[in-house]
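Structure first, then comments.
Numbering (this note's numbering), first residue to last: 12 to 859.
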């Protein structure tokens, strides 16, 4: 049997199907792989096609070959199914490759099919289900990758048969077939494999999002307690269901729209069932977030709500240069969906969110409370031939194994068999299938999707940024064509690829509490590592875990001209390990009973010092994304930077930073200086999420801040001075002469001291100097005036409830002071007359 290869519709060579193997996997690869020897090149080219069982297959990569001898070569290549065509086509919407789209399963399928047909032909919509509505953002994403992203957002699956695309909760076709051991029962062998990245959970908690939180709730929405299942079998194994999209919320529909001016818009919703004015959260800003329409993905600050008309007014967003969004032409429309954040929802919505989270928590527990496995089957192909049937990925069959207690309807997720089957049956044939109740993704697919997945992305662009991006792309295109190797050593000075992956599985680990010292004490031949932990993300010891405790390590007397490899030598039987420095390369499995997890390379002594370059971790470069652990650069120039914590410092010492962590509610720290990250809440300078600030010194306007005082001007200066502490206040002004006058200079002082040892609670003094003869400049220390009451007796300028009044000074002649004072014997206020002669009290008289 052969298939006819075509090139641009013209027949070329024929390929024998007995050299091919068919394979198909749910939401993954699909094609025929060929492997055979030939005496000469086949002359295949990328883009060649053939038809197999009614579907077109395409060669998307040039064949691999191995020279066996002078005359014979071995060729390996794959013709892929139609779905792989979508892996080469960008998803485009309204002419843009970077966009956000929201839709139902049907609307998403229309987007995918319309885009595919605009570049190729023959694509159509298959089956779909009501999966709700999701929003996903793309940035130069291929259609096949976008299809997977959308399926994951729906928690669903896509299926492609020929060029028909479906989007359903589970892709599968029920088949009336049962497989079990025994003659004529269709099963040769059964292999069970555990999914290593699926943890058993017997006690489940739940957590929702951090918006619209009920009063008394901190950090995130949750439900109390936990639920358990199978703890009697597997013990307590805790896990947590997390869905940040579950929180008290209401999705409304716009019934009328309006515009007040260029900066203020409104919408009404006749179905709003509560007064928004009574639901505001103190210290938070309320926003309206549009879920569909021209404003989809954008949020706007709410300025007011009219409960009688159910109208929400909101501010336009300032895009700079007096440009505002929305506009007169791009605005909300009737029928648009929206939600509200930054408010406290009524109890009914809180209860609904709690019910949803409760249901999801139980589903999570039910799915994870048993070991997660897949089965690999070797099926009796003669039995399939006898039944005149075939199997494909997505089919649902019944599997029975009495010994293992298996009797269930399980889906086939992957099949592979010789391409000549069922037309030709030969000895040695193998029909293989993988079955399980879930689709597993490769590590690369997971990382791709993790990178691209963004929750609640609000992105706005203006014309200036579009023009800047367009200029940058044109400049980069020009640059690519001009790159050359001035030394003439590189075959390809400019490299271009779709994605790059750097690192191996043994390098996927983190270190906890480990510090390295190179050139210990200034000696380049001394090296040290502290004790700590190695947390591996792939390797583990079954039943023990994946965190090894490493002992401290130091070594001196290194050879200056020798470089060294540093690895963590970890036991395969116990969670213990040690640092290992070697001049030889040691593979991960290079020593029996241990894993050597390579950490990096210690250089030879160069100009009196050694340098260390780490090799742990991995780096993925895909399109416009880079995922890695550490980026070291002289200058990082970005338009936007998103990070949980940004720290600054030098020589390994961190002394300032910016934090986006919500680790203490509205008291969470946002800026700090003068402390390490670990000690940032004790830093001398802090700014918290609610806007409060702590500073032990500095200048605010014209005021100087000290650790325990605030003052204006230098201390003890003869000019204007204000100085106060928690226990005292000192105020003094020295008024200079006004222009053109030499009449009076005055000095005013106010001292308030509340220390326990104070003898004078308040001291007020004035000093005047007459510099203009013939004028009178009174020197008044204290002038009090009380007026405005209907009864003059109620105008009291000075009231003394306790103590005597003392008048000092030789200049005081005959003086009478009358005050209202507290008379202890009468338990009431009475008038007290005090007579002074030359500063001495000579008479003290209480009036009746």
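Even for Gly, the Cβ is constructed at its ideal location relative to N, Cα and C.
Distance from the CA of residue 303 to the CA of residue 580, rounded to the nearest whole angstrom, comes to 55 Å. Taking C-beta atoms as the reference points, residue 404 and residue 33 fail to come closer than 7 Å. Residue 105 has its alpha-carbon roughly 11 Å from the corresponding atom of residue 125. For residue 680, the uninterrupted beta strand (DSSP E) segment begins and ends at 680 to 684. In the three-state DSSP reduction, residue 370 falls in the helix class (H, G or I).
Going by C-alpha positions, residue 239 is about 9 Å away from residue 377.
Secondary structure of residue 306 (DSSP, three-state): coil. Within the same chain, Cβ atoms closer than 7 Å to the Cβ of residue 98 are found at 153 and 155, the five residues on either side in sequence being excluded. Judged by their CB atoms, residue 151 and residue 511 are not nearer to each other than the 7 Å cut-off. For residue 57, the CB contacts under 7 Å within the same chain, skipping 5 residues up- and downstream, are 70, 71, 72 and 73 in chain order.
Assignment of residue 95 by DSSP, reduced to helix, strand and coil, places it in the helix class. In this structure the segment 259 to 273 touches the segment 346 to 363; the number of beta carbon pairs closer than 8 Å is three or more.
Inclusion of residue 178 and residue 120 in the CB contact set at 7 Å is warranted, their separation being smaller than that value. Per DSSP, the beta-bridge partners of residue 324 are 277 and 315. From the listed residues 334, 127, 329 and 664, the smallest Cα separation to residue 526 is found for 664. Pairing residue 798 with residue 811, the inter-Cα distance amounts to about 18 Å. Residue 212 and residue 259 have their C-alpha atoms roughly 27 Å apart. For residue 156, the uninterrupted alpha helix (DSSP H) run begins and ends at 154 to 165, by DSSP. Apart from sequence neighbours up to five positions away, the residues of its chain that approach residue 360 with a beta-carbon distance below 7 Å are 259, 260 and 261, ordered along the chain.
In this structure the segment 553 to 560 does not touch the segment 594 to 604; the number of beta carbon pairs closer than 8 Å is below three. Secondary structure of residue 356 (DSSP, three-state): coil.
Contact between the segment 247 to 255 and the segment 364 to 381 is present, with at least three C-beta pairs closer than 8 Å. Assigned with DSSP and collapsed to three states, residue 124 falls in helix. Comparing C-alpha distances from residue 162 to each of 64, 657 and 118 shows the shortest one belongs to 118. When DSSP states are grouped into helix, strand and coil, residue 527 belongs to the strand group. Closest in C-alpha terms to residue 530, from the list 685, 615 and 845, comes 615. Within 10 angstroms of the beta-carbon of residue 143 lie fewer than 16 other beta-carbons, which makes it exposed. In this structure, residue 91 sits away from residue 170, with a CB-CB distance that is not shorter than 7 Å. Shown here, residue 540 sits in a strand according to DSSP, grouped into three states. The beta-carbon distance between residue 638 and residue 631, rounded to whole angstroms, is 5 Å. This is short enough to meet the 8 Å contact definition. Taking the Cα positions, residue 612 is about 6 Å away from residue 625. Taking C-beta separations shorter than 7 Å and ignoring five residues to either side along the sequence, the partners of residue 593 in its chain run 575 and 576, following chain order. In this structure, residue 14 sits away from residue 23, with a CB-CB distance that is not shorter than 7 Å. The residue from 36, 583 and 287 with its alpha-carbon nearest to that of residue 551 is 583. Residue 63 is bridged by DSSP to 66.
Checking the DSSP bridge columns, you'll see residue 428 partnered with 33.
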